[in-house]
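Asks: Just dropping this structure here.
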Amino acid sequence: MNAPAPNSQSLSTIGSVMVIGGGVAGVQTALDLSDLGFKVYLVEKSGAIGGVMARLDKTFPTNDCSLCILAPKLVEAGRDANIAILTKSELLSLEGEPGRFTARIKKQPRYIDEEVCTGCGQCTLYCLKQIGDDYNENLCRTAAAHIDYSQAVPTSYHIDPKSCLRLNYETCGLCAVACRAGAIRFDDTEEIVDVPVGAVVLAPGFGRVSEEVLRTYGWGKFDDVLTAFEHERLMCASGPTGGEIVRPSDEKHPKKIAFLQCIGSRDETCGNNYCSSVCCMYAIKQASLAREHDPDAEITLFYMDVRTHGKGFDAARERAIAENNFRVVYARPPRVEDVFDGGLLLTWVDEAGKHQYEKFDLVVLSQGLEAPEDADKLAQAASVDLNHYQFAATDSYAPLETSRPGVYVIGAFQGPKDIPDSVTQAGGVAGICSGVLAQARNSETVAATFPVERDIEGEEPRVGVFVCHCGINIGGVVNVPDVRDYAKTLPNVVYTTDNLYSCSQDTQKHLVEIIKEHKLNRLVVSACTPRTHEPLFQATMREAGLNRSLFEMANIRDQCSWVHMHEKEAATEKAKDLVRMAVAKACLLTPLEEQELPVTPSALVLGGGLAGMTAALTIADQGYECTLVEREKKLGGRTLLLSKDRFGNVPGEAVKKLSDRVKVHEKITVLTEAELDTISGYVGNFTSTVAGPKGNTVINHGVVILATGGKPYVPRKYGYGDSSLVLTQIDLEKRLERKKPLPNNCRQIVMIQCVGSRGDDLSYCSRVCCGQAVKNALRIKELSPETQVTILYRDMRTYGFMEDDYRKAREKGVLFTRYTPERPPEVTVGKDSRNKPIVTSYDAILGEEVERKADLLILSTGIEADDPTALAKLLKVPITADKFYLEAHVKLRPVDLAVDGVFVCGLAHSPKSIEETIAQAQAAGGRACQPLSHGRITPEPIVSSVDPEKCIGCGACEKFCPYKAIQIYKEGKIRKAGTISASCKGCGVCAARCPTLAIDMGRFTYDSIMAQVRAFNPQGEENVS
Amino acid sequence: MSAEYNPHILGFLCNWCCYTAADSAGVGRYQYPPNLRVIRIMCTGRLDPSFPLEGLANGADGIFVGGCHPGECHYQDGNYHALVSASLVHEMLEKIGISKERFLIDWASAAEGPNFVKIITAFTQRVAELGPLGKAEGKSPEEIRSQLAQAAEAARSRKIRIGLINASREMMKKRDFSRTTISSMVQEKCAKALGELV
Ligand code: FES
């Protein structure tokens, strides 16, 4: 590793960032920062990046294959010239100040030279020393000379110094003999390097629940008690059992499986009172996959509360439970026992207070997320504070900032969270760093270069076909070898192979070699969908010196193996047809010239609430102009409806600070009482008109951020509006600020959760209402400890550190009573304020209806989106059935919309807390600046072209082009059409309407589509017309 | 009764909505019959009227074109122009004596995986009922193919295409995008050229 020596102008800001931790959060930040023009040092303590996400089989709620969506990112990071990956490394100390730090890194030896290793794996084959395979949760063995997992980046092996025979006993050394590349370095030593960086991002992820806690549930004592991580590996095709879920004790398929929740979470006894936020949903995922593996198994999930509060999670959970026939039990079995005749015994107390017991074949422990094991050490090295659970201490209004300026935190170390939230924070921190280091943008980076493209003019098509197993995603249904062999028989195909994961870095490397070796001039990958993976393979082609347009994909996963899971033969036939069609098209592809379009370096932000203001500031701080449009007279939005946050701060004050900054920022123009009227264009070049009190303003901008917010749902039942004693939580927030907030002699306040939510008027969970109820209950208890507060709830969703409030509320005597949607509470109210509302609800423990006379009845109601339909139509972006904007990818592109250059944040995306809104707005602000910082975009060259010979100058194309991208010009007296490539978006309307077929589309030519049609012919005979 | 016919179905799906819907159906593991083969196009507006006819001539028993919902085309009006092409295809099928139900144009948004599955399942079912191309029509495969090839040739002819341009033009002017209006405009504008097609 050669870190650049501090240069002469070492007093200026340094344009590089150190990211500690190579999980999905760290990798995403690295990619975003590199894209924004900063050099990144990605420091990872293990031998490869990827983190926990690389160990997951699937991800909720879509059950996407985890590695399939992660691998392209890892590969991208691996080959990015501006990302230096330092493996087996850790931070020792951090000196200096924001903009000018020196980070001291200790790099452990790998004993195999990363630059020389080809990843062939011979060393592992010859290695005599077996060790536990950490990647597979030690459920199987690997060798001392090993690679962490087969798709690992960097694609280089390393030697475990603790067990290597040669390093410890001076014997063996076989690997050095076996390694043909000569990459083994037994004399490798530890290195200490000082790296100058402008900012540091901590993304070390989370730690594991201690074995002591696991042991109380029989783990380590009984073979068939597994942690969720172990279970995840068993489910995985690349796992120790090749994707078979079997009991470790007898290798039989378990017929009765129990999932126990909250292991090491929400548990004072082990010191972790917080909720880990992700386990409820991942258990549903694991259970669904267990069901996929065995249609007859009995699957039971033990929950305290079902906390599926994420966007679309409730719907996914309900569907999973209904379709898979799961049993859900609200209970917490305290331990696992073995019984005489085999099996694992669980005992629990049900909701009615009765003791229950039952035997299971397999018990899966849904373990929580702890602070990383070495949190202390890291905090010391970076000089940042930790909270009482050893996570990084942060503030709600600056969620990504640690106690030390210039040092930031993202991902699970900031608090337990799922992948989308981690990725969001990754985008946010990139935006912040890009602002803080704006003046040093592009100062440490090198521009990406590709080899000169090979001229294939005059060559016969030489097609290579790569068929992907995608673990078992494809291979479990489609007979991949069969498809591969079939491809070999197709005309012009000169090379075929199959891969376990085509998208992994080693496969990419291999691809480059094969393209060169076999002189391939067309590439067909038959795997997943081109919508997500085409860019990856195209980049690889460019590295191999081929034009990226010579590429075609056959979608045999999303549109084949996944949708015909029970029809293996038919799916295999379909895959062959799709490959045949793709090859036919590929033969007719021609190289296309790349185009570059200028970008208007400014942004338009719609909505001046917390999200919009934060996003605007993030953009403006990065040095780009920004127009902020707000419908109301004043900036601030709905945050102002909250009078206190859970720490007793006034959110309005923070909002005020923000709006003060917004108003004076020289790069921000604020338009209030204004609304978007029209918008046209595309990423880099939008033109909008904003209607305001002083008429219309026309704005040219490169990107748009939708921060249009949401609004409180107004309940229509429980006497709301009839009685002044029935309030919503929002009403209560205001009332609590009164001089005399509570009624005289206030005995009892009742709160009802989920009013209008979760299947009522709003189908979803609004995520924040449980926390708000608990917060307000505590505020009431503070004002009047003798008032009885009762909360009627379905599931208390006080996720993360909010669980502390929940516990505190119980300690303070707040009563929590669960109700079911089948038996909701009933309320009778009188007309005037002397008639107190009577709330009746069923109490499971008492087994009867309980009546409560409430001095105040508080309804916890959700958040509705501000109807986005009109705006979504204008922008052509999709919305969900719940009327929130639909992000481009739920997991990995949480703030991007499907249309390039359009981003979303805040309540317009989904209900969320203040802290989450800020991080998401920062992410939108960071992502939005990527095209702006490049100054240009290079769209896909799929534009139209006109054959002047055939063109008769009729002008139909000009008339119908939605982008004015094709125009008639005169050549002497003759009229001809010509394409303006920069404006063309490649829709093809002109081609379909051209009377003489003079117009054709790049990559979607008439002939290539016809070739697909002919190759489709199931009889195999081509009907050439 | 013999086992139900397993039809061959060719689809043209627009990249932004229907193709995405098909992908999301996969992500959600919604199952549907394995009869469909998909050709991805950026927009249904790319659909040359000759493509579906060629598809049927090349062994398809049914053709499905899937795009964005009206008003939601990623390129504004592409799917309306596709409706113009589709009307011509329907018109020609009728002329040849092929059931119009063998050609379907419908919409599913990016978020509508289940809707895509519903559409394609129903379409497959319907085409299965019709049986192999020619059966419901009472024609020999050879005859039908040569007629389809002729129709495709006509769809590439200048005369027909100018008729389509005029229909598209009028549609855009009136901004009336209902299927019935579009189809009567196509009938009117292409009447003469269609008349020449035996
Ligand atoms: S992009 Fe889907 S129909 Fe035009």
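As given, the protein sequences belong to chains F and B, one line each in that order.
Those letters in the first sequence? Residues 1 to 1025, by the working numbering.
Those letters in the second sequence? Residues 10001 to 10198, by the working numbering.
Each residue gets a CB set at the ideal place from its N, CA and C atoms; glycine is no exception.
These numbers come from a predicted model, not from an experiment.
(1) Would you mind working out which of F:Glu-76, F:Thr-880, F:Glu-737 and F:Ile-974 sits nearest Ala-448 of chain F, comparing C-alpha positions?
(2) Starting from the C-beta of Tyr-1006 of chain F, find all residues in its chain whose C-beta is less than 8 Å away, skip the five residues before and the five after it, and write them out in chain order.
(3) Let me check one thing: in DSSP terms, what residues is Met-751 of chain F bridge-paired to?
(4) In angstroms, rounded to a whole number, what distance separates the CA positions of Val-1041 of chain F and Cys-468 of chain F?
(5) Is there a Cβ of chain B sitting closer than 8 Å to that of His-909 of chain F, yes or no?
(6) Of all the CB atoms in chain B, is at least one closer than 8 Å to the CB of Thr-880 of chain F?
(7) Among the residues of its own chain, which have a CB less than 7 Å from the CB of Ser-1008 of chain F, if the five just before and after it don't count?
(8) Below 8 Å between beta carbons: does that hold for Ala-10193 of chain B and Lys-10159 of chain B?
(9) When DSSP labels each residue in this structure, what does Asn-1023 of chain F get in the three-state scheme?
(10) Taking only three categories from DSSP, how would you classify Arg-1014 of chain F?
(11) How many Å lie between Leu-42 of chain F and Arg-441 of chain F at the Cα?
(12) Hey, would you say Ser-10168 of chain B sits closer than 8 Å to Phe-960 of chain F, going by beta carbons?
(13) Does the Cβ of Asn-1017 of chain F have 16 or more other Cβ atoms within 10 Å, making it buried, or fewer, making it exposed?
(14) Would a check of beta-carbon distances place Tyr-1006 of chain F closer than 8 Å to chain B?
(15) Would you kindly work out how many angstroms separate the C-alpha atoms of Arg-335 of chain F and Trp-219 of chain F, rounded to a whole number?
(16) Can you pull out the residues from the stretch 984-1003 of chain F whose beta carbon lies closer than 8 Å to at least one beta carbon of chain B?
(17) Taking 7 Å as the limit between beta carbons, can you name the residues of its chain near Val-1026 of chain F, skipping five residues before and five after?
(18) Candidates F:Ile-49, F:Cys-68, F:Ile-85 and F:Gly-47: which alpha carbon is nearest Tyr-501 of chain F's?
(19) Should the stretch 853-867 of chain F be called in touch with the stretch 766-774 of chain F, which here means at least 3 C-beta pairs below 8 Å?
(20) Does chain F have any CB closer than 8 Å to the CB of Met-10092 of chain B?
(21) Strictly by DSSP, which residues pair up with Pro-712 of chain F?
(22) Take the Cβ of Arg-10156 of chain B as the centre, count every other Cβ of all protein chains shown within 10 Å, and call the residue buried at 16 or more, exposed below.
(23) Give me the Cα-Cα distance between Ile-937 of chain F and His-701 of chain F, rounded to the nearest whole angstrom.
(24) Report back the beta-carbon spacing between Tyr-718 of chain F and Val-750 of chain F to the nearest angstrom; my notes put them in contact at under 8 Å.
(25) With burial defined as no fewer than 16 other Cβ atoms inside 10 Å of the residue's Cβ, what is the status of Cys-10017 of chain B: buried or exposed?
(26) So, with DSSP's three-state summary, where would you put Cys-270 of chain F?
(27) Which residue's Cα is closest to the Cα of Ala-71 of chain F: F:Ser-422, F:Asp-57 and F:Asn-82?
(28) Alpha carbon to alpha carbon, how far is Gln-425 of chain F from Gly-411 of chain F?
(29) Tell me whether the beta-carbon of Gly-233 of chain F lies closer than 8 Å to the beta-carbon of Leu-165 of chain F.
(30) Residues of the stretch 858-883 of chain F with a CB closer than 7 Å to any CB of chain B: list them in chain order, please.
(31) Check whether chain D comes within 8 Å of Tyr-799 of chain F, counting only Cβ atoms and requiring the distance to be less than that.
(32) Under 8 Å, do Glu-10153 of chain B and Met-1010 of chain F count as touching if we go by C-beta distance?
(33) Residues of chain F with a CB under 7 Å from the CB of Met-10042 of chain B: which are they?
(34) If you draw a straight line from the alpha carbon of Ile-112 of chain F to that of Glu-268 of chain F, how long is it in whole angstroms?
(35) Quick one: is the Cβ of Gly-198 of chain F within less than 7 Å of any heavy atom of ligand 1?
(36) Quick check on DSSP: helix, strand or coil for Val-463 of chain F?
Replies: Quick look at the numbers:
(1) Here residue 448 of chain F is taken as the residue at index 448 of the first sequence, counted from 1. For Ala-448 of chain F, the nearest C-alpha among the options comes from F:Glu-76.
(2) Translated into the one-based positions of the first sequence, residue 1006 of chain F becomes position 1006. Taken in chain order, the residues that qualify are Ala-991, Leu-997 and Asp-1000.
(3) Residue 751 of chain F sits at position 751 when you count from the first residue of the first sequence. DSSP lists F:Ile-791 and F:Ile-858 as partners of Met-751 of chain F.
(4) The shown model of chain F, from 1 to 1025, leaves out residue 1041 of chain F, and the question about it has no answer.
(5) The residue you call residue 909 of chain F lines up with position 909 of the first sequence. So, not an interface residue.
(6) Walking along the first sequence from the start, residue 880 of chain F turns up at place 880. True, the Cβ-Cβ gap to chain B drops below 8 Å.
(7) For this step, residue 1008 of chain F is matched to residue 1008 along the first sequence. Once the five neighbours on either side are set aside, the close Cβ partners of Ser-1008 of chain F are Lys-585, Leu-588 and Leu-589.
(8) One-based indexing of the second sequence puts residue 10193 of chain B at position 193. One-based indexing of the second sequence puts residue 10159 of chain B at position 159. Yes, these two residues count as a Cβ contact at 8 Å.
(9) On the first sequence, position 1023 is the one that residue 1023 of chain F refers to. Unreliable placement is indicated for Asn-1023 of chain F, whose pLDDT of 41 sits below 50; no coordinate value is reported for it.
(10) Taking the first residue of the first sequence as position 1, residue 1014 of chain F is located at position 1014. Helix, per DSSP.
(11) Within the first sequence, numbered from 1, the residue matching residue 42 of chain F stands at position 42. Within the first sequence, numbered from 1, the residue matching residue 441 of chain F stands at position 441. So the alpha carbons of these two residues sit roughly 18 Å apart.
(12) Taking the second sequence and counting its residues from 1, one reaches residue 10168 of chain B at position 168. Taking the first sequence and counting its residues from 1, one reaches residue 960 of chain F at position 960. The answer is yes: Cβ separation under 8 Å.
(13) Looking up residue 1017 of chain F in the first sequence gives position 1017. With 16 or more other Cβ atoms within 10 Å, it is buried.
(14) Taking the first sequence and counting its residues from 1, one reaches residue 1006 of chain F at position 1006. Yes, its Cβ sits closer than 8 Å to a Cβ of chain B.
(15) Working through the first sequence from its first residue, we reach residue 335 of chain F at position 335. Working through the first sequence from its first residue, we reach residue 219 of chain F at position 219. Approximately 10 Å between the Cα atoms of the pair.
(16) Lys-985, Gly-986, Cys-987, Gly-988, Val-989, Ala-991, Ala-992, Arg-993, Cys-994, Pro-995, Thr-996, Leu-997 and Met-1001
(17) Given that chain F is displayed from residue 1 to residue 1025, the structure contains no residue 1026 of chain F and the question cannot be resolved.
(18) Looking up residue 501 of chain F in the first sequence gives position 501. The residue with the shortest Cα to Cα distance from Tyr-501 of chain F is F:Cys-68.
(19) yes
(20) Start at 1 with the first residue of the second sequence, and residue 10092 of chain B comes out as number 92. No, Met-10092 of chain B does not count as interfacial toward chain F.
(21) If you number the first sequence from 1, residue 712 of chain F lands on position 712. DSSP, once it has assigned bridges, lists F:Ile-863 as partnering Pro-712 of chain F.
(22) Walking along the second sequence from the start, residue 10156 of chain B turns up at place 156. Burial call: buried.
(23) For the purposes of this step, residue 937 of chain F is taken as residue 937 along the first sequence, with counting starting at 1. For the purposes of this step, residue 701 of chain F is taken as residue 701 along the first sequence, with counting starting at 1. About 14 Å.
(24) Working through the first sequence from its first residue, we reach residue 718 of chain F at position 718. Working through the first sequence from its first residue, we reach residue 750 of chain F at position 750. Not really, about 10 Å apart at Cβ, beyond 8 Å.
(25) In the second sequence, counting from the first residue as 1, residue 10017 of chain B sits at position 17. Buried, by the Cβ-count rule.
(26) Counted from its first residue, the first sequence places residue 270 of chain F at position 270. The answer is helix: DSSP assigns Cys-270 of chain F an H, G or I state.
(27) Reading the first sequence from its first residue, position 71 is the one you call residue 71 of chain F. Of the listed residues, the one whose Cα sits closest to Ala-71 of chain F is F:Asp-57.
(28) Here the question's residue 425 of chain F lines up with position 425 in the first sequence. Here the question's residue 411 of chain F lines up with position 411 in the first sequence. Distance between the alpha carbons of Gln-425 of chain F and Gly-411 of chain F is about 7 Å.
(29) If you number the first sequence from 1, residue 233 of chain F lands on position 233. If you number the first sequence from 1, residue 165 of chain F lands on position 165. A small correction: the amino acid at residue 233 of chain F is Arg; Gly does not occupy that position in the sequence shown. Result no, Cβ atoms of Arg-233 of chain F and Leu-165 of chain F do not sit closer than 8 Å.
(30) Lys-873, Lys-876, Pro-878 and Thr-880
(31) Protein chains in the displayed structure are F and B, and chain D is not among them.
(32) On the second sequence, residue 10153 of chain B is found 153 positions in, with the first residue counted as 1. On the first sequence, residue 1010 of chain F is found 1010 positions in, with the first residue counted as 1. No.
(33) The residue you call residue 10042 of chain B lines up with position 42 of the second sequence. Within chain F, the residues near Met-10042 of chain B are Ile-942, Gly-986, Cys-987, Gly-988 and Phe-1004.
(34) Within the first sequence, numbered from 1, the residue matching residue 112 of chain F stands at position 112. Within the first sequence, numbered from 1, the residue matching residue 268 of chain F stands at position 268. Whole-angstrom Cα-Cα distance: 45 Å.
(35) Residue numbering aside, residue 198 of chain F sits at position 198 when the first sequence is read from its first letter. No, Cβ of Gly-198 of chain F sits at least 7 Å from all heavy atoms of ligand 1.
(36) Taking the first sequence and counting its residues from 1, one reaches residue 463 of chain F at position 463. If DSSP states are grouped into helix, strand and coil, Val-463 of chain F belongs with the strands.
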